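Numbering (our numbering), first residue to last: 1431 to 1836.
So, in structure tokens, the structure goes:
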């Protein structure tokens, strides 16, 4: 049996103690360093928050903003008045300077419109699809010069490319008119794939030869959404949710068709007399319409396009390039966006929408990053008469009447 050695035991104990203290000191140093980093991070965040707050206050309290707010308030009461049923938002450099909600999301239940009430965007849905196509393009998943036959081999219209669908130069017939006679069950909702099948089977006569004229046509965006689903192998609405809505915090934005129950915060569509608009088979088609959103979510979308996080300038330039020059003037169309192009090079990028009783206006003044958004669920063409508002926001004369609806 080994004899116990107290000196050896003490040496071992002291050795373990020394190692423990050394490790503790190292951990303490690491902990101090970590705490210092956390502190610096908090200080940096606080400084950023202070800077944003100062910037916001500077925008809100500038003399030009105050003049705009007063003029916008006067316009709102004088022109829109009690007849308006919807939401309006104006922002400068991302800062909301004017926001109003009026009327009812549901007239029969007297549910008031608020910041979470969603509206059918109608054709203001088209920029989402166009930018989704460009999102796939910048990742090499499609080419803008791809013919439609690459995705639908039996597509009968030769020379129609993805780019010509985007800029409405395809010459395709409008499915809202040419497909109706082939749809035998008016109680059944049509899908994008149904439209493609009808075009392939019956070959309705095209309006123009490809790339010879601008012809605004919902068929273009119906076919585009079908192509996107072919490429991504997921429903169009889920794709937009994954790449845009969720990452940007657009929690009140989604693609909807009447196949499923409507969310509780979704507004009902009414005609000018306040009568609920009935569902039609075309309500099942997406891409050309059927994005639902709020004015605040659309501002998030607007600001994301300025941020550079979604798209580089090269992609935005593709979208904002005018592609139709048959007629002189400042009106033109890019890839999914209408535009007013002035002689000095200034551009106003916009898209209106009209479907059933829903009216939408979405204007982006690129020069000074001013944004105008109007959404309504009760049809009223006054919504599109925005030239007085454009003059207020520009603080000078702005030429060019804008298009009603899409």
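All C-beta atoms in this analysis are idealised placements derived from N, C-alpha and C, irrespective of residue type, glycine included. These figures come from a predicted structure and were not determined experimentally.
Nearest-angstrom Cα separation, counted from residue j out to residue i
i	j	result
residue 1669	residue 1660	12 Å
residue 1773	residue 1760	8 Å
residue 1524	residue 1634	45 Å
residue 1689	residue 1513	31 Å
residue 1507	residue 1798	26 Å
residue 1543	residue 1727	15 Å
residue 1608	residue 1748	31 Å
residue 1580	residue 1656	12 Å
residue 1782	residue 1792	6 Å
residue 1664	residue 1504	47 Å
residue 1501	residue 1743	34 Å
residue 1645	residue 1819	28 Å
residue 1687	residue 1492	44 Å
residue 1745	residue 1540	44 Å
residue 1453	residue 1738	Bear in mind that a pLDDT of 48 at residue 1453, under 50, signals an unreliable position, so the number given afterwards is only what the model happens to contain. So the two alpha carbons sit approximately 46 Å from each other.
residue 1647	residue 1589	17 Å
residue 1486	residue 1754	39 Å
residue 1678	residue 1740	10 Å
residue 1736	residue 1750	13 Å
residue 1618	residue 1610	12 Å
residue 1765	residue 1695	31 Å
residue 1628	residue 1699	28 Å
Reference residue i; option with closest CA among the options
i	options	result
residue 1639	1733, 1591 and 1672	1591
residue 1709	1725, 1703, 1692 and 1723	1692
residue 1636	1508, 1596, 1555 and 1585	1585
residue 1653	1489, 1768 and 1716	1716
residue 1722	1548, 1522 and 1664	1548
residue 1616	1712, 1788, 1577 and 1737	1712
residue 1824	1490, 1487 and 1497	1497
residue 1630	1583, 1741 and 1702	1583
residue 1675	1734, 1624, 1701 and 1520	1734
residue 1683	1632, 1730 and 1621	1730
residue 1566	1814, 1808, 1672 and 1755	1672
residue 1620	1647, 1556, 1786 and 1714	1714
residue 1780	1495, 1643 and 1767	1767
residue 1658	1511, 1562 and 1509	1562
residue 1538	1511, 1552, 1605 and 1706	1706
residue 1530	1815, 1805 and 1822	1805
residue 1533	1815, 1808 and 1822	1808
residue 1810	1752, 1510 and 1487	1510
residue 1605	1589, 1667 and 1626	1626
residue 1756	1560, 1679 and 1643	1643
residue 1769	1623, 1557, 1568 and 1573	1557
Residue i beta carbon near the ligand NAP (any heavy atom closer than 7 Å)
i	result
residue 1505	Annotation note on the ligand NAP: not contained in the displayed structure, which lists no ligands.
Contact belief for residue i with residue j at Cβ below 8 Å, rounded distance in angstroms
i	j	result
residue 1528	residue 1499	6 Å
residue 1803	residue 1725	5 Å
residue 1535	residue 1790	No, residue 1535 and residue 1790 are not in contact; Cβ-Cβ is about 15 Å, not under 8 Å.
residue 1763	residue 1597	6 Å
residue 1564	residue 1641	The pair is not a contact, with the Cβ atoms about 19 Å apart (cut-off 8 Å).
Within 8 Å, strictly: CB atoms of residue i and residue j
i	j	result
residue 1777	residue 1796	yes
residue 1600	residue 1719	no
residue 1649	residue 1602	yes
residue 1521	residue 1800	yes
residue 1838	residue 1632	Beyond the ends of the chain as shown, which are 1431 and 1836, falls residue 1838; an answer cannot be given.
residue 1552	residue 1785	yes
residue 1701	residue 1787	yes
residue 1771	residue 1752	yes
Next on the checklist: Extract the residue ranges of the beta strand (DSSP E) inside the region 1651-1714, only unbroken runs of 3 or more that lie entirely within it.
Outcome noted: Segments of the beta strand (DSSP E) lying fully in the region 1651-1714: there are none.
Checklist entry - What are the complete beta strand (DSSP E) segments, minimum 3 residues, inside the region 1725-1810? => result Complete beta strand (DSSP E) runs here, min 3: 1761-1763, 1768-1771, 1777-1785, 1788-1795 and 1800-1806.
Checklist entry - In the region 1582-1628, which residue ranges form an unbroken alpha helix (DSSP H) of at least 4 residues, counting only runs that do not cross its ends? => result If only uninterrupted alpha helix (DSSP H) runs of at least 4 residues are considered, those enclosed by the region 1582-1628 are 1592-1596 and 1605-1608.
Item to check | Length at least 4, wholly inside the region 1529-1559: the alpha helix (DSSP H) runs in chain order | outcome: Correct list: empty.
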